[in-house]
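Number of protein chains: 2
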Amino acid sequence: MTEPLRIALAGLGTVGAGVIRLLDTNGELIARRAGRAIQVVAVSARDRSKDRGVDIGRFDWIDDPAGLARHAQADVVVELIGGSDGPALALARATLGAGKSLVTANKAMIAHHGLELARAAESGKLALKFEAAVAGGVPVIKGLREGAAANVIGRIYGILNGTCNFILSKMEAEGRDFADILSEAQRLGYAEADPGFDIDGVDAAHKLSILASIAFGTQPAFGDVAIGGIRHVIAADIAEAAALGYRIRLLGIADSSAQGLFQRVHPHLVPLSHPLAHVTGSTNAVVAEGNFAGRLLFQGAGAGDGPTASAVVADLIDIARGEFGPPYAMPADALAAQAPAESGVRRGRAYLRFTVADKVGVLAEIAAAMRDAGVSIESLIQRGASADGSVLVAIVTHEAPERAVAQALERLRGSQALAGEPMWMHILGD
Amino acid sequence: MTEPLRIALAGLGTVGAGVIRLLDTNGELIARRAGRAIQVVAVSARDRSKDRGVDIGRFDWIDDPAGLARHAQADVVVELIGGSDGPALALARATLGAGKSLVTANKAMIAHHGLELARAAESGKLALKFEAAVAGGVPVIKGLREGAAANVIGRIYGILNGTCNFILSKMEAEGRDFADILSEAQRLGYAEADPGFDIDGVDAAHKLSILASIAFGTQPAFGDVAIGGIRHVIAADIAEAAALGYRIRLLGIADSSAQGLFQRVHPHLVPLSHPLAHVTGSTNAVVAEGNFAGRLLFQGAGAGDGPTASAVVADLIDIARGEFGPPYAMPADALAAQAPAESGVRRGRAYLRFTVADKVGVLAEIAAAMRDAGVSIESLIQRGASADGSVLVAIVTHEAPERAVAQALERLRGSQALAGEPMWMHILGD
Chain A
92 MTEPLRIALA GLGTVGAGVI RLLDTNGELI ARRAGRAIQV VAVSARDRSK
142 DRGVDIGRFD WIDDPAGLAR HAQADVVVEL IGGSDGPALA LARATLGAGK
192 SLVTANKAMI AHHGLELARA AESGKLALKF EAAVAGGVPV IKGLREGAAA
242 NVIGRIYGIL NGTCNFILSK MEAEGRDFAD ILSEAQRLGY AEADPGFDID
292 GVDAAHKLSI LASIAFGTQP AFGDVAIGGI RHVIAADIAE AAALGYRIRL
342 LGIADSSAQG LFQRVHPHLV PLSHPLAHVT GSTNAVVAEG NFAGRLLFQG
392 AGAGDGPTAS AVVADLIDIA RGEFGPPYAM PADALAAQAP AESGVRRGRA
442 YLRFTVADKV GVLAEIAAAM RDAGVSIESL IQRGASADGS VLVAIVTHEA
492 PERAVAQALE RLRGSQALAG EPMWMHILGD
Chain B
92 MTEPLRIALA GLGTVGAGVI RLLDTNGELI ARRAGRAIQV VAVSARDRSK
142 DRGVDIGRFD WIDDPAGLAR HAQADVVVEL IGGSDGPALA LARATLGAGK
192 SLVTANKAMI AHHGLELARA AESGKLALKF EAAVAGGVPV IKGLREGAAA
242 NVIGRIYGIL NGTCNFILSK MEAEGRDFAD ILSEAQRLGY AEADPGFDID
292 GVDAAHKLSI LASIAFGTQP AFGDVAIGGI RHVIAADIAE AAALGYRIRL
342 LGIADSSAQG LFQRVHPHLV PLSHPLAHVT GSTNAVVAEG NFAGRLLFQG
392 AGAGDGPTAS AVVADLIDIA RGEFGPPYAM PADALAAQAP AESGVRRGRA
442 YLRFTVADKV GVLAEIAAAM RDAGVSIESL IQRGASADGS VLVAIVTHEA
492 PERAVAQALE RLRGSQALAG EPMWMHILGD
């Protein structure tokens, strides 16, 4: 057996401690599979004395994480600090600059700086790997980079944020409202105290932009992702969607065509016949559509110390085996700069929900706005007045350009008939 | 860009022609991703003149497939002849013997001779890759070898035969009987004229033994797979299962423990809450349970020329990139020889269906046999007499050792009460 692969690890939160525990628990098996041992030699974190349930006394302690890049024994630095910039980015740059390979779980940093880091890695013939940055323990980046590498990918989409899926599937199971479930999730530790990053779709957008770049061979373009979250989904939306044969999921969805690169994170109605409709709890699932492979689905735990550590160590095993190529499946300089696609011309079916005043002529006004914009209605449910006197109208449209749906909503803006902002969700199409 | 990777291809059926069409269609993208072009230089098949929809005039034609192993330009041989022995095996041995790498979609050959071929490949530092042998276009071998490589895998199971899943899900959707759907599937080309290989579970067993070896680091042991098929599943089983909250799927399932290596292919009842219950048509899906990653699911098209060609070319891309290690994730000589586990001590819930004569005391006799064997009944459905006067009794048991269920059935053997062989299916447990 050859020399061990020596690791310097920055960040000892639950994932960092999970990586150490994983290497302790499965180390022998990993060495057999990797052809050599994988050994932590140095660590860095904010607090040396904190009890993390793993013995860190056997590793070199380095106060300044950037110092790990200069550690004489380390072959690879594992960055688990988090944050798109700051110490994580400084360490990433220093690591590649010092001629060491880098493994990270940091989706924000890769979404913002992945291209720069990939160029640095490639020019140094180093590994830059980030399987753990998307869908936790699910090997979806490997699935795209390698498993589906023979395919032109037409579309990629999936459930990329476990917190949102936990909330939506709990709303679905219990008929409760968003705010109610969110505060429970926060109490239980399933959602952050500041949940915006998750529930407003930013986290899913980070992951989507990484997947899109690998799938389509385009430059990462996080800034071009249209982002929406789940704050405005109400229990009644879930009930109406169910009555119509759908479940609501926050999807990241991207495609690349002559119209440009389309990337969107938004709550969608998913037909019950689709596997994503059956993904519940904090599970993540990604679908890639290849021109030869057809529809591939990768599903599993999207977060948590065990799954995330599993993905980090899978990257380390690849590096130990000498198996790594360009981070985005082709050289960074071969990635195409593609302009964002204009969404108005996209055709699809839409779910629209209006909260309206309970008075004569409201339905006629909505129907007229739809007709005038050229959007035809496939089904409509109106529910009688609730305690506050408001009435709910839920509509599923036939296929129409998104621009037409937007026009219909524009016509209704400021109408006395509406008691609040309408909700517009897309319906996942084939 | 470096030299192309040059391929000699044996077997020009739908998959072979699919590989050529895929390389023609996506060749430029593949070259960017692989870092070099992938180029067919020679082919061999039975009939040179047959129209396959692709131009083969540009390749060297070799009459004897084994001649491809000696082709001066070829770096890699792709074997798509099929069959566990005969010309496929002769070509595989000759290829590795001649110092060329081998890619194959041949599950039967790998199930029977994979260990021998892996040893030959490893001693020559050659690639032996067979992603297409399991679950068609789904990169599940890569998912196990690499994506989940950091994990001790506790159990692996899934839907491994598309024909069986097509038949079962069509029986389910249309309430029709097995023989009826089978002949339709044969007419449509979804099932072979001689369907035994698929519907009796042999094909799934080949795939299961390959997955088990990679997942557990054990020597491939196809001969130890307990094999059952779907011939005896009747429409009423599917209806009773549905009434109890289950769908019936042919599952390959394996685990490795101190009790030994357990491998079984058998129809199972899958709870509706499980993703495999929602896999319909000829789709394949594999679940791997890792001690850190948790439950990983890989799903997609299990057969067809496009998906299979996608997997074959993914293997070629790995080879072009220089990224391949031991075929079973660790050196063949490190694979443990594990004795088969005794199934009698396994605990689980069972579905039992009896076709009984419509007379007094039948239910008492069945219930007594179960009681005497120590098997307790969770639910029981008895349906009134059908046209032929027989009555159906469907039972779901509480968890019990399989040995006890077998004893109960043994007690009932030869009973005048039974109008036919009882059906015993396992219920997929957590």
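Sequence order for the protein chains is A and B. Start counting the first sequence at 92; every next residue gets the next number (my numbering). Start counting the second sequence at 92; every next residue gets the next number (my numbering). Backbone N, C-alpha and C fix where the C-beta goes; we use that ideal spot for every residue, glycine too. Here the structure is a predicted model, which means the values were calculated and not measured.
- For Q390(A), the nearest CB of chain B lies under 7 Å from its own CB, placing it at the interface with that chain.
- The shortest C-alpha to C-alpha distance from L120(A) to any of R97(B), A209(B), F307(B) and S260(B) is the one to F307(B).
- Boundaries for P431(B): no alpha helix (DSSP H) harbours it, and the DSSP string shows neither H nor E there.
- By the rule that beta-carbons nearer than 7 Å mark a contact, F313(B) does not touch chain A.
- Closest by C-alpha distance to G319(A), out of E380(A), V293(A) and G385(A), is V293(A).
- Distance from the Cα of T399(B) is smallest, within the candidate group I98(B), R440(B), T105(B) and A209(B), for T105(B).
- R340(A) is classed as buried because its beta carbon has at least 16 other beta carbons within 10 Å across all chains shown.
- Proximity of P230(A) to chain B, defined by a Cβ-Cβ separation below 7 Å, is satisfied.
- The alpha-carbon of S467(A) is positioned some 6 Å away from that of T488(A).
- Membership of S214(A) in the alpha helix (DSSP H) is indicated by the continuous run K198 to S214.
- For the options A333(A), D138(A) and S304(A), the alpha carbon positioned closest to that of I486(A) is the one of A333(A).
- The region 428-441 of chain B and the region 493-502 of chain B touch, with three or more beta-carbon pairs separated by less than 8 Å.
- If you check each beta-carbon in the region 240-252 of chain A against every beta-carbon of chain B, the ones closer than 9 Å belong to A240, A241, N242 and V243.
- For H297(B), there is no enclosing beta strand (DSSP E); the enclosing alpha helix (DSSP H) covers residues V293 to F307.
- Using beta-carbon distances, R462(A) does not count as an interface residue toward chain B, since no partner is under 7 Å.
- Residues of chain B with a Cβ closer than 8 Å to the Cβ of M262(A) do not exist; the shortest Cβ-Cβ separation is about 18 Å.
- By the beta-carbon neighbour count (other beta carbons within 10 angstroms, threshold 16), Q354(B) is buried.
- Taking 7 Å as the Cβ-Cβ cut-off, the region 412-423 of chain A approaches chain B at R412, E414, G416, A420 and M421, given in chain order.
- With the criterion set as a beta carbon lying under 7 Å from some beta carbon of chain A, the members of the region 360-376 of chain B are P366 and H369, in sequence order.
- Fully contained in the region 378-464 of chain B are the following beta strand (DSSP E) runs of length 3 or more, in chain order: 385-392 and 441-448.
- Looking at the DSSP output, N375(A) sits in a beta bridge with G391(A).
- Pairing A160(A) with L171(A), the inter-Cα distance amounts to about 14 Å.
- Within the same chain, Cβ atoms closer than 7 Å to the Cβ of P156(A) are found at A101, S135, I172, P178 and L182, the five residues on either side in sequence being excluded.
- For D521(A), there are no C-beta contacts with chain B under 8 Å, since the nearest C-beta of that chain is about 14 Å from it.
- When Cβ pairs closer than 8 Å are counted between the two stretches, the region 354-374 of chain B is seen to touch the region 382-395 of chain B, the count reaching three or more.
- DSSP places K220(A) in the strand class (E or B) of the three-state scheme.
- Taking C-beta separations shorter than 6 Å and ignoring five residues to either side along the sequence, the partners of G391(A) in its chain run G228 and V229, following chain order.
- Contacts with chain A at 7 Å (Cβ-Cβ) do not include F288(B).
- Secondary structure within the region 99-185 of chain B: the alpha helix (DSSP H) runs of 4 or more consecutive residues, fully enclosed, are 105-125 (chain order).
- Rounded to whole angstroms, K141(A) and I129(A) show a C-alpha spacing of 24 Å.
- Around D291(A), the same chain offers G320 as residues with beta carbons nearer than 6 Å, after the five sequence neighbours per side are excluded.
- Going by beta carbons, A402(B) and I247(B) fall outside the 7 Å limit.
- Counted as a single uninterrupted DSSP element, the alpha helix (DSSP H) harbouring R502(A) occupies residues E493 to L503.
- Proximity to G465(A) across H517(A), L500(A) and T446(A) peaks at L500(A), based on C-alpha coordinates.
- Boundaries of the alpha helix (DSSP H) harbouring S260(A): G253 to E265, taken from the DSSP string.
- Between the region 207-227 of chain A and the region 185-194 of chain A, the count of Cβ pairs shorter than 8 Å is three or higher; the stretches touch.
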